[in-house]
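Read the structure below first, then the notes.
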Amino acid sequence: MKVDQLLEKKEQLQVKILRSLILNGGSMPLNLLRAEIGLSKSGFDQYIEEINHLHVFRVRGGITVDAVKITLHLPEEVNFESILAFFLEDAIKFNILDYLLSYQEFTTVKLVTTLSLSESTLFRKIKELNGSLSEFDIQIKNGCLQGEELQVRYFYFQLYRFLIKNKANDYSFADSQNQRFIRELEKKLKTTFNESAEKKINCWLTITKKRLNNKKTNTVKLQEKMTSYLADSLYQQVSSLMQDYFSYLPTESIQAESMMFYVFLVSFSLFDEERFYEYDISRSKKLPTAMMDVFVRETILLHYRPRRLSIQLEKKVGYQVSHINSQLYFFKGKLEVYHRQNMLERQKLLLGNTLVTLLDRLLNLALDQIHQPYHSQNTLHDTTLLRYASVLSMIDFLMTKTIKVAIDFEEKASYCEPFYQLLLIELRPMIGVELELYQKNKSYDLILTTSLVEKKYSGLPQTYCLSEFYSEYDIYQVKEVLKKMRISKN
Amino acid sequence: MTENTYIMAIDQGTTSSRAIIYDKRGNQVGSSQKEFTQIFPQEGWVEHNPNEIWNSVQSVIAGAFIESGIKPEQVVGIGITNQRETTVIWDRETGKPVYNAIVWQSRQSAPIAEKLKTEGHGDFFHKKTGLIIDSYFSATKIRWILDNVAGMQEKADKGELMFGTIDTWLTWKLTDGGAHVTDYSNASRTMLFNIEKLDWDQEILDLLNIPRSMLPKVCSNSEVYGHTKSFHFYGSEVPICGMAGDQQAALFGQMAFEPGMVKNTYGTGAFIVMNTGEKPQLSHNNLLTTIGYGINGKIYYALEGSIFVAGSSIQWLRDGLQLMEKSGDSEEMARKSDNEDEVYVVPAFVGLGAPYWDQDVRGAMFGITRGTNRNDVAKATLQSIAYQVRDIIDTMEADTGIKIPVLKVDGGAANNDYLMQFQADIINTPIQKAANLETTALGAAFLAGLAVGYWKDIDEIKESYEAGKIFEPNMDDEHREKLYSGWQQAVTAARTFKPKQ
């Protein structure tokens, strides 16, 4: 489910315009964008004008249009997500959800009065909302939000995390009771949470406290999924803390709260890598997520053989994979902020064809382990692909041995400096390439030179003879040489 | 039974864990390896996290399945081979280790060993266990944990603790607490095991105040110890049916089944083990007497000599002196050296092992002149490995009265043809390289396969034997003895310099 789906139609189109411009580097042909958005000229102009009236553009920035080109100028302190968050807070659908979290149930009369809506608008919005929420297996029915409690909280967590990230002050949820809980949790689990983890816990606890007022809590699927986790040491530690914290609740509710908090703890990167590793190596492999982690991680490692990842890098991979897998096992659906397809395309470009094939294999392997079929409607499945792709990119990036390249110009002619700068611009973006002007006392893997006279460089580096002017030919050839060197070096 | 079925060997070493799947012909059909963290709490201490070891084993098992495409149910037996002496103690009820695993190299219990020596228990231990008192073995490590982790002696006395070497720990985990066992070869490295009575020695246990209830049941090297719990073997319950310490597994993998057969594994150090037959032979020259393997009701004893620095001296040339880019370059460098073998390197970086057992001596180089170059140093370093092996071979022959007919070799440095030829020359004995250099894992697989009838008997295993390259000695006696005498002088000279004193 895209966050945009919670916005009003008008804002959805505004977001679409902004996103297209951002994905195209801030500027694109006017005709192309208009065709993409599917509006008449006057309608399109009206939308641009309204975007320019947004509060973020009041002082600076906005969209400029000339005869052929449309350009976005975002002030430095503003990003796309903050605009999205601004729209979201005003959206009727969000306000219905927000009301439901605060009061758990509503009467039509009360809600139409609070949100100043007509009854028909309210029913239409609820219908639209239910269409979007179906991915999470939750729905608004009989005046309340129904479905598995973990799914409800997961949905709200994503929604408010998005707002917290972009409107930190209004939604920090950090009250003293939460702080006490966090300190107790740290003591119990022998860890310290960083600022980001604390924010997440605050958010989860606040949602938890509000949802505790809900009269009917459904945890049937959670109970099933958690059966093998009841003996887990981390679960037991969480459970013991929950018994103190929620001592006023009935036993079965405490157990459900413990389960939900355990799931939250292992799914959203709250521990640091070392603490998580400590848990990972001691947890039982009876746990479905532990099995998934082993198979996915080892398949990744096998792919990189005969190269071996360092123990530290393996820990990083294990950490990322485990959190991705926990979400895949325990949750359904995903609230998407970013343009998934675009991100996936970019990742695939970075990774190359062989790794793209591996991505599908990893997702199938993970789903097989938990006996889940792939569902194209469940965006969590596709975003998992994207997250695995990030893990592979991370490995590629961290494993790449640096290729040291020097530029040795024959003379200090005036063309040298701009030539050097142009080479820098072209070659620096290549992962694992370090470029500098030649220094006698250093050794390099590759020397780019304009001299045809053979020189003796220390360490016998490869040399490439450049023409004395910037040419696309040379750039292409040098990039090819670097690609080959990267393969042989790694 | 053998069609589309396989044996898995788990080789749990000092720096990494491996799982290898073998077919009936002893071919590897899949494998995986994973390193784990080395913990150095203080100088001279080396520890491992037992859970991390267990986790690494679980991962490599999965890795071997992924690589080979073989299903867990196609594995009919599991053999375990392991870093020996490394000590784990865990809580019987929770299964949680009470302290890190203390690794064989770790010196933290040296004062306990020293005290035992000072009190004159040397002969007592040697006669019962075949070993020389040293912190290397498990006994003092157990004592150290009971002394240094609060409340542990009390828990041990109440029967609440369990001890095991890594084979025991892994079997206990794989069976989910179903089997607390070890084998003769691992037990014989604890310094608690009476190698003649084949039982934990009560007098030693009393002396060290170690309750018998902590200790695992000692089994033969090839029998069913228990079955994996399905959730620990990816859905299958498979018999764990072979077990041996790494050097003894290599002896078995090298098929050194007859008395007088010797194997040498060139790893970081080098371990030379000789099958001495069905009666233990105590060394008079500081070699260790140990159990090679026990199978079908028979026990085969062994003499063992260890060299602390073998392959690691080549790493020193590469990383310390930066004389070469890859270890493999040492061979070419040695061949390029045109001196007349007058340079000697004594690589006593951590003292000297058998037969000297001198912890205080340090490395030295002798015979260098203005003309000595890096090739000469590389050659002298390779030769030092061969000289140390000769020290042990000579001692073994003296102790047993058996002339060794052939030295079977494996391990990384066995790929160095220069070293192998010089080795054959300096011991004046043919060297036979294993066709499959992974003899340790193969030995564990053979032991497991025999227990479940995957291989009918040792004769059937012998049929799969593939002879590797043989290096015949090719040096005249006078030259050989001149060179070896130079080595002995170099060692004597090095031992006079004791920086600690």
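Protein chains in written order, with full-length UniProt numbering: chain H, 1 to 490; chain Y, 1 to 501. Ideal Cβ placement from N, Cα and C applies to all residues, glycine included.
Among the residues of its own chain, which have a CB less than 7 Å from the CB of residue i, if the five just before and after it don't count?
{"i": "Ala-110/Y", "result": "Ser-135"}
{"i": "Ser-213/Y", "result": "Gly-159"}
{"i": "Lys-10/H", "result": "none"}
{"i": "Val-387/H", "result": "Reading off the sequence shown, one finds Arg at residue 387/H, where the question assumed Val. Only Ile-324 meet the Cβ criterion."}
{"i": "Ala-398/Y", "result": "Asn-285"}
{"i": "Ile-475/H", "result": "Glu-426"}
{"i": "Phe-44/H", "result": "Arg-34 and Ile-37"}
Distance, Cα to Cα, residue i vs residue j?
{"i": "Asp-90/H", "j": "Leu-97/H", "result": "12 Å"}
{"i": "Val-149/Y", "j": "Lys-155/Y", "result": "11 Å"}
{"i": "Ala-302/Y", "j": "Glu-481/Y", "result": "28 Å"}
{"i": "Asn-49/Y", "j": "Lys-456/Y", "result": "38 Å"}
{"i": "Val-78/H", "j": "Leu-163/H", "result": "14 Å"}
{"i": "Trp-316/Y", "j": "Gln-322/Y", "result": "8 Å"}
{"i": "Leu-309/H", "j": "Met-399/H", "result": "7 Å"}
{"i": "Cys-465/H", "j": "Leu-424/H", "result": "16 Å"}
{"i": "Ser-185/Y", "j": "Asp-246/Y", "result": "9 Å"}
{"i": "Gln-423/Y", "j": "Pro-473/Y", "result": "8 Å"}
{"i": "Gln-177/H", "j": "Ile-48/H", "result": "46 Å"}
{"i": "Lys-141/H", "j": "Tyr-329/H", "result": "26 Å"}
{"i": "Gly-253/Y", "j": "Thr-94/Y", "result": "36 Å"}
{"i": "Ser-384/Y", "j": "Pro-347/Y", "result": "7 Å"}
{"i": "Ile-21/Y", "j": "Tyr-457/H", "result": "48 Å"}
{"i": "Ile-51/H", "j": "Tyr-156/H", "result": "28 Å"}
{"i": "His-381/Y", "j": "Ile-392/Y", "result": "The amino acid at residue 381/Y is misidentified as His; the sequence shows Thr. Approximately 17 Å, taken between the alpha carbons."}
{"i": "Ile-22/H", "j": "Ser-284/H", "result": "46 Å"}
{"i": "Met-324/Y", "j": "Thr-191/H", "result": "45 Å"}
{"i": "Arg-335/Y", "j": "Val-224/Y", "result": "50 Å"}
{"i": "Glu-186/H", "j": "Arg-180/H", "result": "10 Å"}
{"i": "Asp-66/H", "j": "His-55/H", "result": "23 Å"}
{"i": "Thr-429/Y", "j": "Phe-137/Y", "result": "32 Å"}
{"i": "Asp-137/H", "j": "Gly-131/H", "result": "10 Å"}
{"i": "Thr-265/Y", "j": "Asp-167/Y", "result": "20 Å"}
Leaving out the 5 sequence neighbours to the left and right, which residues in its chain are closer than 8 Å to residue i when beta-carbon positions are compared?
{"i": "Asp-199/Y", "result": "Phe-193 and Val-218"}
{"i": "Ala-139/Y", "result": "Thr-190, Met-191, Leu-192, Ile-204, Leu-208 and Ile-210"}
{"i": "Glu-184/H", "result": "Leu-241, Asp-244 and Tyr-245"}
{"i": "Leu-115/H", "result": "Ile-92, Asn-95, Ile-96, Tyr-99 and Leu-122"}
{"i": "Asn-4/Y", "result": "Gln-74"}
{"i": "Lys-279/Y", "result": "Tyr-301"}
Assuming residue i contacts residue j under a Cβ cut-off of 8 Å, what Cβ separation, rounded to an integer in Å, is found between them?
{"i": "Val-262/Y", "j": "Ile-470/Y", "result": "In fact, because the Cβ distance is near 15 Å, the residues do not count as touching under 8 Å."}
{"i": "Leu-222/H", "j": "Ala-197/H", "result": "Their Cβ separation, rounded to whole angstroms, is 23 Å, which puts Leu-222/H and Ala-197/H out of contact at 8 Å."}
{"i": "Asp-293/H", "j": "Asn-325/H", "result": "5 Å"}
{"i": "Met-162/Y", "j": "Arg-92/Y", "result": "5 Å"}
{"i": "Ala-445/Y", "j": "Gly-292/Y", "result": "17 Å between Cβ atoms; not a contact."}
{"i": "Leu-427/H", "j": "Leu-435/H", "result": "5 Å"}
{"i": "Ser-306/Y", "j": "Phe-271/Y", "result": "5 Å"}
{"i": "Val-343/Y", "j": "Glu-304/Y", "result": "Between Glu-304/Y and Val-343/Y the Cβ distance is about 30 Å, and since that is not below 8 Å, they are no contact."}
Which residues in the same chain as residue i place their Cβ atom closer than 6 Å to its Cβ, once the five residues preceding and following it in sequence are excluded?
{"i": "Lys-210/H", "result": "Leu-101"}
{"i": "Ser-17/Y", "result": "Lys-34, Ser-56, Val-57 and Val-60"}
{"i": "Glu-128/H", "result": "none"}
{"i": "Asn-416/Y", "result": "Glu-331"}
Exercise. For the segment 225-249 of chain Y, which residues have a CB atom closer than 7 Å to at least one CB atom of chain H, in sequence order?
Worked result: Phe-231 and His-232
Problem set entry | chain H contacts from the segment 17-32 of chain Y (Cβ-Cβ distance under 8 Å) | Ser-32
Exercise. Which residue spans inside the segment 139-174 of chain Y form an unbroken alpha helix (DSSP H) run of at least 4?
Worked result: 152-157 and 166-174
Exercise. Enumerated in chain order, which unbroken segments of the alpha helix (DSSP H) with a length of 4 residues or greater are wholly contained in the segment 426-459 of chain Y?
Worked result: 439-451
For this session: Anything in the segment 39-53 of chain Y with a Cβ closer than 8 Å to a Cβ of chain H? List those residues in chain order, please.
Result: Asn-49, Asn-51 and Glu-52
For this session: For the segment 61-84 of chain Y, enumerate the residues whose C-beta is nearer than 7 Å to any C-beta of chain H, in chain order.
Result: Ala-62, Gly-63, Ile-66 and Glu-67
Exercise. Using Cβ-Cβ distances below 9 Å, what residues of the segment 377-405 of chain Y are close to chain H?
Worked result: none
Exercise. Which full runs of the beta strand (DSSP E) of 3+ residues lie inside the segment 359-404 of chain Y, going along the chain?
Worked result: 364-366
Exercise. Relative to chain Y, which residues along the segment 277-297 of chain H have a C-beta separation below 8 Å, given in chain order?
Worked result: Asp-280, Ile-281, Ser-282, Ser-284, Lys-285, Lys-286, Met-291, Val-294, Phe-295 and Arg-297
Problem set entry | Short-range partners of chain Y found in the segment 353-373 of chain H, where Cβ spacing is below 8 Å | none
Problem set entry | Cβ-based contacts, 9 Å cut-off: residues of the segment 324-358 of chain Y near chain H | none
For this session: Could you name the residues of the segment 259-287 of chain Y whose beta carbon sits closer than 8 Å to any beta carbon of chain H, in the order they occur along the chain?
Result: none
For this session: Could you please tell me which residues of the segment 168-187 of chain Y, in chain order, have their CB closer than 8 Å to any CB of chain H?
Result: none
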